[in-house]
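Enquirer:
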Amino acid sequence: MNNFITNSQTSNLSRRLSELIVSSEELKILVGFFYFSGLRELYIPLSKNPKVIIKVLVGLNVDKLNYELVEYADAEDRSGRLSNEDIQNKFLASLKKSINSDKFDHKDFYEQVRFFVELIEQNRLVIRKTLKPNHSKLYIFKLQPEQVGRKSLFITGSSNLTGWGLNAQEEFNVEISDYGIDEAEGYFDSLWEEAVAITENQKVREKLLELIKRETLVRKITPFEAYALVLKTYLDSFDKKEIGQSLVNLFKKNGYTPYQYQLDAIRQALGIIETNNGVILADVVGLGKTIIACAVGHELKKRGVIICPPGIMGDPKKKDAGWNMYKEQFGLYDWEVWSLGDLEKLQEQILSGRLQDIEVVIIDEAHRFRNQDTQSYEYLKNICRGRIVVLLTATPFNNRPADILSLLKLFIVPKKSSITLENNLVDKFTEFKTAFDRLAYIKKYHNSTDPKKRQKAFAYYLALFGEPFALAQALEKVRERSKYLAKQIRDVIEPVTIRRNRLDLLGNPYYKNEASNLSRVADPIEWFFELSKEQSDFYDVVIKDYFADPDEGGRFKGAMYRPFEYEKAKQKTLWDFLPEKENFEFIQQRNLYDFMRRLLVKRFESSFGSFAQSLKNFKHITDSVLKFIEKTDKYILDRGLIERIYDKDPEVIEEELRKYAEDLNKGVYPKNHKIYKLSDFEYRDEFLNDIKSDLDLFDSILESLDRLHLVENDPKAECLIEKIKIHFREEPEKKIAIFSEYVDTVKYLEPKLEEEFPNQVLT
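Whatever position you read off the sequence shown (first residue = 1), add 35 for our numbering.
1) Closer than 8 Å by C-beta to LEU378: which residues in its own chain qualify, once you throw out the five before and the five after it? Chain order, please.
2) Ignoring anything shorter than 3 residues or poking outside the region 389-448, list the beta strand (DSSP E) runs there in chain order.
3) Apart from the five residues on each side of it in sequence, which residues of its chain come closer than 6 Å, Cβ to Cβ, to THR310?
4) Any contact between the region 348-355 and the region 316-324? By contact I mean 3 or more CB pairs, one from each, below 8 Å.
5) For GLU768, which option in ARG389, GLN795, SER374, ARG525 has the closest C-alpha, if you only look at C-alpha atoms?
6) Kindly confirm or deny that the region 708-726 and the region 645-653 touch, where touching means at least three C-beta pairs closer than 8 Å.
7) Fully enclosed by the region 210-266, which alpha helix (DSSP H) runs are 4 residues long or longer?
8) By how many angstroms is the C-alpha of ILE524 removed from the C-alpha of GLU228?
9) From LEU635, THR780, GLU235, LEU173, pick the residue whose C-alpha is nearest to that of GLY221; which is it?
10) Can you say whether LEU375 is buried or exposed, counting buried as having 16 or more other CB atoms within 10 angstroms of its CB?
11) Applying the 10 Å Cβ sphere with the 16-neighbour rule, what's the burial state of SER387?
12) Over the uninterrupted beta strand (DSSP E) stretch that includes VAL340, give me the two end residues.
13) Check ILE40 in the structure and name its three-state DSSP category.
14) Identify whether PHE207 lies in helix, strand or coil by the three-state DSSP scheme.
15) Could you check if ARG405 belongs to the surroundings of the ligand ADP, using beta carbon to heavy atom distance under 6 Å?
16) In the DSSP assignment, the beta strand (DSSP E) including PHE467 goes from what residue to what residue?
17) Applying the criterion that 16 or more other CB atoms from any shown protein chain within 10 Å of the CB defines a buried residue, is VAL424 buried or exposed?
18) Measuring CA to CA, which of ASN459, THR667, LYS186 is closest to VAL448?
19) Taking the alpha helix (DSSP H) that VAL320 belongs to, which residues open and close that run?
20) Please go through the same chain and pick out, in chain order, the residues whose beta-carbon is closer than 7 Å to the beta-carbon of ALA429, but skip the five residues on each side of it.
21) Curious, which full-length alpha helix (DSSP H) runs of at least 4 residues does the region 486-541 contain?
22) Assuming LYS186 and LEU178 are in contact, meaning their beta carbons sit under 8 Å apart, how far apart are those beta carbons, in whole angstroms?
23) TRP370: buried (16+ other C-beta within 10 angstroms of its C-beta) or exposed?
24) Taking only the alpha-carbon atoms, compute the straight-line gap between LEU672 and GLY593 and give it to the nearest angstrom.
25) Using DSSP's beta-bridge definition, name the partner residues of SER187.
26) I'd like to know whether the C-beta atoms of GLU206 and SER194 end up nearer to each other than 7 Å.
27) Let me know the secondary structure DSSP gives ASP580 once reduced to three states.
28) Is the CB-CB distance between PHE126 and LYS164 below 7 Å?
29) Does GLU106 pass the burial test, meaning 16 or more other C-beta atoms within 10 Å, or should it be called exposed?
30) Less than 8 Å between the CB atoms is what I'm expecting for ILE296 and TYR546, so what's the real figure, rounded?
31) By DSSP, does SER59 sit in helix, in strand, or in coil?
32) Can you tell me whether TYR214 is buried or exposed, with buried defined as 16 or more other CB within 10 angstroms of its CB?
33) Please report how far the alpha carbon of ASN47 lies from the alpha carbon of ARG403, in whole angstroms.
Put into structure tokens, the structure is as follows:
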């Protein structure tokens, strides 16, 4: 057996302790501090051994530094002048701080802590505090008599008695049974004899049990107390400010019905802003977020700016549409409307003093700024600093934890937050991200053909759930934990979010009559189109083979979008460790590659015509890049383009990529670029071969499209035309609007529709 325990995939301290506890009659543990999170990891083996005695010797105290628990030994501890009572009181205060953390605020801890209270009451868990500070970590096991070959052993190293120390973070410990046991136990016993009793002192023991039962998260509460807390929390969430009749009159003057649900949202938003300096308006589409935001701006009586996509700004002179119309209707005459593409200019205007009196920032489609690692986000953060922020988004929860944190940081100081128990949003969302990434890794790689990825998934599962991976049961637990994680994130953002849908309004007795007046979207009706066997096979291979996830064998390499991986990190995954700067570069480029891969799939699903056009564009771009590389033995990546590209329309993206590739060959390099020298590439040949492989793939797909006549005889377009004919036969005067995400699809459909319906098509 390997005596070294590092919490790697094959050696885990929690698992080893669990094996030994079942076979032991006494445990002697010396650790920095006694965390319940550590004993929680050992709950199952301890419950299986009703006779085991546990002696825990605590070497340090605990406090909160920047809202994180830290062990410490202060000057008083080291001086030796503290009385036994002082040491006992310090221990109790430390224990209270460690337990009153939302890390323990979950069902398992509530159930398990009662078990440990019983251990203390039965004198099976005995705790003492060292007379002087001690940083050692020592686990001694007195084995049961029937254990053949040895009577005891010990483990020492770096791991504390914490969940992280036993399971998750990398540690180094060694198990020893053939020498030094008497000396190790003698060292423990000498410290034990002079230590200050905690659980053996009746008075201190009663204080300890009373503290756990009355002053921590596990305190039992009466049904009435629970009801009162729920009622207070509910009412606090609707802390509203009064609004004047003038606002109601303004609604009516501009032809808007002053719905109660909108007026209440305005009052609630003003209350949230007063407490948190910002609010997220996240009602579903069609409930009037824009009107609510303008009304909030009106009630704040301050000057502001509105940042939105250029297509919904409206004409600043005519003021008959878009945000320019809305701000005029609600009397925001000194406000300005800015395009989200002009953030650098807006920042300059504010810093120069022209707009220094701006006090409110309204941001429409705020989810576009979920990535903190872009220049646009940095501009926006500077614009928002010290100002009231109103964020509008219909999708606040459909993002990764870091994306949500990005929005919150626009108006909340992350280490002085009032919306979480521990106040530190960064640490809170770091926990969320770690759990999110590990759950995602487990779901993606638990069945991987790569044994290293599969074993890593199993190790993550063991760290999260404290048990080995068993397929059906494990996946269900992963799904449940993912749902719980999503709920935790929603709970964090809820105090600053106003989020309703039509069902919420219909279920509210105050709003249900209003909701019945709102327009309703009918359920979508599926139209099926038929593919031939050969066409169907081609469809499947495009989705499942050509543009599948690269970790699942997708043939599209996208090497030109992720050169960093070929330079030094080709064998890495998104979950592997890299230095911070390199990790940012790796993730940014991998995200760009995934975006391009998904873009091609979406174009394929939109229409065969737009897909064919995109393939031609991508082929031209890739060919231009390859020629530049072969001519210079260098590759230049436009980092600014990476940041800008996600918010563009697909046709604009392809045009920008085309221009970028052509500029490379002209020697016109972007301002914010990085030069990659292929001579420095660890995987130089693979990089070139993968670019050529993509060119071959594009040629192959275009040849298949041509051979199968999918562009000329498109079964999806034929289905659309046939359904339109049916509608016209039933209602000849009816007008039909056809929407597409892509301009190329509209251009592709236009001649087909014009041929069938001459002089009836407008585009």
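Beta carbons: idealized from backbone N, C-alpha and C, even for Gly.
Expert: This is what the structure gives:
1) Within the same chain, Cβ atoms closer than 8 Å to the Cβ of LEU378 are found at ILE342, SER411, TYR414, LEU415, ILE418, the five residues on either side in sequence being excluded.
2) Counting only runs of 3 or more residues that sit fully inside the region 389-448, the beta strand (DSSP E) segments are 395-398, 423-427, in chain order.
3) No residues qualify anywhere along the chain.
4) No, the region 348-355 is not in contact with the region 316-324.
5) Cα-wise, what sits closest to GLU768 is GLN795.
6) The region 645-653 and the region 708-726 do not touch, with fewer than three beta-carbon pairs separated by less than 8 Å.
7) Runs found: 216-229, 237-249.
8) About 47 Å.
9) That would be LEU173, whose Cα lies nearest to the Cα of GLY221.
10) Looking at its Cβ environment, which holds 16 or more other Cβ atoms inside 10 Å, LEU375 is buried.
11) Exposed: under 16 other Cβ atoms inside 10 Å.
12) It spans 339-343 - the beta strand (DSSP E) in which VAL340 sits, taken as one unbroken run.
13) In this structure, DSSP gives ILE40 an extended state, which the three-state scheme calls strand.
14) Three-state result, PHE207: coil.
15) Among the ligands in the structure shown, none appear at all, so the ligand ADP cannot be discussed.
16) In the DSSP assignment, PHE467 falls outside any beta strand (DSSP E) and lies within the alpha helix (DSSP H) extending over 460-480.
17) Per the 10 Å Cβ criterion, buried.
18) Check the Cα spacing between VAL448 and each of ASN459, THR667, LYS186: the tightest is with ASN459.
19) Unbroken run through VAL320: none, as it is neither H nor E.
20) The residues are ALA317, VAL319, VAL320.
21) Whole alpha helix (DSSP H) segments, 4+ residues: 486-500, 506-528, 537-541.
22) Taking the Cβ atoms as the reference, LYS186 lies roughly 6 Å from LEU178, within the contact range of under 8 Å.
23) Looking at its Cβ environment, which holds 16 or more other Cβ atoms inside 10 Å, TRP370 is buried.
24) One Cα belongs to LEU672, the other to GLY593, and the distance between them is close to 13 Å.
25) The secondary-structure analysis by DSSP pairs SER187 across a beta bridge with LYS177.
26) Contact: yes.
27) It is helical.
28) Contact flag set, yes.
29) Interpretation of GLU106 is limited by its pLDDT of 42, a score under 50 that renders its predicted location unreliable; the figure taken from the coordinates is listed afterwards. Counting every other CB atom within 10 Å of its CB across the protein chains shown gives GLU106 a total of 16 or more, marking it as buried.
30) According to the sequence as given, residue 296 is Tyr; it is not Ile. With a Cβ gap of about 4 Å, TYR296 and TYR546 count as contacting.
31) In this structure, SER59 counts as strand in the three-state DSSP scheme.
32) Burial call: exposed.
33) Each residue's alpha carbon lies about 41 Å from the other.
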